[in-house]
Amino acid sequence: MKRLTTRLLAAAGVLALTVGLITPGTAEAAATMPTPILDPFFNVPTSQYKNKEHGQLLRSRKLPAFLVPGGSATQMVFATRNTFNKPTYGTAVLVKPANFPKNGNVIVYNDFINSLGIGCQPSFSYSNLNPEWNTRSFISMWYAAIAAHYGYAFLIPDHEGMKAAYTANIHSGHVILDAVRAMKTTPALGMQHSWTGMLGYSGGGMASLWALNLRQQYAPNVHFSAVAVGGVPTDLQYYGLAFGNRPNDGFGLAFASLVGLEREYPRSMRVTPRLSEHGKDKLRRLKDACSPRLLESLKGESIDTVFNGVSLRPDKEKDAFRVLRANSLYYDRRHPSRGTKLYVFGSYTDASAPIRPLRATLRRYCAAGVHIQYKEVNNPNHVSTAYYDLPVAAQWLWKMGHGTPIRDDCNHIPS
1 MKRLTTRLLA
11 AAGVLALTVG
21 LITPGTAEAA
31 ATMPTPILDP
41 FFNVPTSQYK
51 NKEHGQLLRS
61 RKLPAFLVPG
71 GSATQMVFAT
81 RNTFNKPTYG
91 TAVLVKPANF
101 PKNGNVIVYN
111 DFINSLGIGC
121 QPSFSYSNLN
131 PEWNTRSFIS
141 MWYAAIAAHY
151 GYAFLIPDHE
161 GMKAAYTANI
171 HSGHVILDAV
181 RAMKTTPALG
191 MQHSWTGMLG
201 YSGGGMASLW
211 ALNLRQQYAP
221 NVHFSAVAVG
231 GVPTDLQYYG
241 LAFGNRPNDG
251 FGLAFASLVG
261 LEREYPRSMR
271 VTPRLSEHGK
281 DKLRRLKDAC
291 SPRLLESLKG
301 ESIDTVFNGV
311 SLRPDKEKDA
321 FRVLRANSLY
331 YDRRHPSRGT
341 KLYVFGSYTD
351 ASAPIRPLRA
361 TLRRYCAAGV
371 HIQYKEVNNP
381 NHVSTAYYDL
391 PVAAQWLWKM
401 GHGTPIRDDC
411 NHIPS
């Protein structure tokens, strides 16, 4: 298992997590939604989930697991709730190695999806041959295969949901929690008493912490034995101020954030109606795109080039920044439950995940009784920070699963 820590990440995606754009909206301001998945397994009528308890498994199917000889991949569809606690459904995939024991250890891995297409999320690639989807999801499939090699199951929630609502973080937390709940409460899966760790980097780390913060109220019967995250963006408002109004190579993910939030907040957001003709053409072409195509197609663009007369400033876009704060860990007053074991790493020179709001967030968690092992590095490159330090986080999870006590660094987190 030790080598899991050195092989778990040989590639990492860029998360240039940026802005949302909301103005006082009207019901007729239509969001640009993704194309539904054609596979009928993933199309669930409202009548089948609207009265179900969230976290209840609706359907599942077992497939051979890519890169896991003799293993299995169980695609799961389950009832969940959106940001506003309205019924919807979510998806995930549970990868098990061959001869996996009942109640064996499982890692919940939250991928850095960062996309607008539903199929860009990991579980869809286990049953669909689509070059764009498969290329985007290969990293998480590879991680699952490595974990399986060392005897771990790997649960991968599709935390953007069935609207691919990128950066709608409350909804992401709900999907993660309900994926775990569906896994734990389905007798046929044999995971009821499994030791459960959680791992995520960048956008996946952000989704992981949201799941922890929402757990006490939303899913108190879901328990994580240990959680490791890194490169976590905690203040979405920062990205709007820093990156929203100037051309940059990461604007594709900024644009995806705008559209993703519009999908989750259709009554308050007015993104699509305010696009320029150039912006509308881009959206028509990219509404189902995965992150690599988004980044390539919108490289060097900005708010000025895709919108008509929009400036991302708090005094001009009050509702926009209100929603950004509502989806930011830094501003959210919730925290993980007392006694939670949490490993966090970040770089104090990484502009993609500013360290000061992360430190402040973690100090607040410490005050609430969370045990945090903390590591700071000096690396301005968001991707290579993951390359070097996510394997260390994976090793920490493995140690927690084998009874090693946590080193509590709460008294040493800088201000």
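Note that the sequence shown covers residues 1 to 415 in our numbering.
Ideal Cβ placement from N, Cα and C applies to all residues, glycine included.
Tell me whether the beta-carbon of residue 209 lies closer than 8 Å to the beta-carbon of residue 180.
For the purposes of this step, residue 209 is taken as the residue at position 209 of the sequence shown. For the purposes of this step, residue 180 is taken as the residue at position 180 of the sequence shown. Contact flag unset, no.
With 16 other Cβ atoms within 10 Å as the buried cut-off, status of residue 99:
Sequence index remark: in the sequence shown, residue 99 carries index 99 (1-based). Classification of residue 99: exposed, given that the 10 Å Cβ count is below 16.
Neighbour-count burial assignment, residue 404, 16 or more Cβ in a 10 Å radius:
Along the sequence shown, one-based indexing puts residue 404 at 404. Exposed, because fewer than 16 other Cβ atoms sit within 10 Å of the Cβ of residue 404.
With a Cβ-Cβ cutoff of 8 Å, do residue 39 and residue 90 count as a contact?
Within the sequence shown, numbered from 1, the residue matching residue 39 stands at position 39. Within the sequence shown, numbered from 1, the residue matching residue 90 stands at position 90. No.
Proximity to residue 324 [Cα-Cα], best of 268, 248, 221:
Here the question's residue 324 lines up with position 324 in the sequence shown. With distances taken between Cα atoms, residue 324 lies closest to 268.
Just to confirm, is the Cβ distance from residue 221 to residue 274 under 8 Å?
Residue numbering aside, residue 221 sits at position 221 when the sequence shown is read from its first letter. Residue numbering aside, residue 274 sits at position 274 when the sequence shown is read from its first letter. Contact: no.
If we call anything under 8 Å between Cβ atoms a contact, is residue 154 one with residue 166?
Here residue 154 is taken as the residue at index 154 of the sequence shown, counted from 1. Here residue 166 is taken as the residue at index 166 of the sequence shown, counted from 1. In this structure, residue 166 does not lie closer than 8 Å to residue 154 by Cβ.
With a cut-off of 8 Å, do at least 3 Cβ pairs link the stretch 289-298 to the stretch 245-261?
yes
Is DSSP giving residue 371 helix, strand or coil here?
Working through the sequence shown from its first residue, we reach residue 371 at position 371. Residue state, collapsed to three classes: strand.
Quick check on DSSP: helix, strand or coil for residue 107?
Position 107 of the sequence shown, counted from the start, is the residue given in the question as residue 107. Looking at residue 107 - three-state DSSP - the assignment turns out to be strand.
Which parts of the stretch 183-250 are runs of the alpha helix (DSSP H), unbroken and 4 residues or longer, counting only runs that do not cross its ends?
203-218, 236-243
Restricting to Cα atoms, I'd like to know which of 183, 202, 149, 411 is closest to residue 195.
As a working note, residue 195 is residue 195 in the sequence shown. It is 183.
Mind pulling the alpha helix (DSSP H) runs of 4 or more residues that sit fully within the stretch 246-277?
251-264
From what residue to what residue does the alpha helix (DSSP H) around residue 401 run?
Residue mapping note: residue 401 aligns to position 401 of the sequence shown, counting from 1. First-last of the alpha helix (DSSP H) with residue 401: 382-401.
Under the rule that 16 or more other beta-carbon atoms within 10 Å means buried, what is residue 277, buried or exposed?
Working through the sequence shown from its first residue, we reach residue 277 at position 277. Exposed.
Could you give the distance in angstroms between the alpha-carbon of residue 283 and the alpha-carbon of residue 187?
As a working mapping, residue 283 is identified with position 283 in the sequence shown. As a working mapping, residue 187 is identified with position 187 in the sequence shown. Cα to Cα, the separation comes out at about 43 Å.
What do you get for residue 163, buried or exposed, if any count of 16 or more other CB atoms within 10 angstroms of its CB means buried?
Indexing the sequence shown from 1 puts residue 163 at position 163. Label assigned to residue 163: buried.
Below 8 Å on the Cβ atoms is my guess for residue 72 versus residue 102; work out the distance and round it to an integer in Å.
Counting from 1 along the sequence shown, the entry for residue 72 is found at position 72. Counting from 1 along the sequence shown, the entry for residue 102 is found at position 102. Actually they do not touch by this definition, with Cβ atoms about 14 Å apart.
Measuring CA to CA, which of 133, 206, 261, 411 is closest to residue 419?
The first residue shown for the chain is 1 and the last is 415, placing residue 419 beyond what the model contains.
What residue range is occupied by the uninterrupted alpha helix (DSSP H) comprising residue 310?
For the purposes of this step, residue 310 is identified with residue 310 of the sequence shown, where counting begins at 1. Where residue 310 is concerned, there is no enclosing alpha helix (DSSP H), given that its DSSP letter is neither H nor E.
Should residue 237 go down as buried or exposed, given a rule of 16 or more other Cβ atoms within 10 Å for buried?
Here residue 237 refers to the residue found at position 237 of the sequence shown. Residue 237 should be labelled buried.
Quick one: Cα of residue 57 to Cα of residue 191, how far?
Here residue 57 is taken as the residue at index 57 of the sequence shown, counted from 1. Here residue 191 is taken as the residue at index 191 of the sequence shown, counted from 1. If you take the alpha carbons of residue 57 and residue 191, they lie about 14 Å apart.
Counting along the chain, where does the beta strand (DSSP E) carrying residue 88 start and finish?
Working through the sequence shown from its first residue, we reach residue 88 at position 88. 87-96 is the span of the beta strand (DSSP E), which, as asked, contains residue 88.
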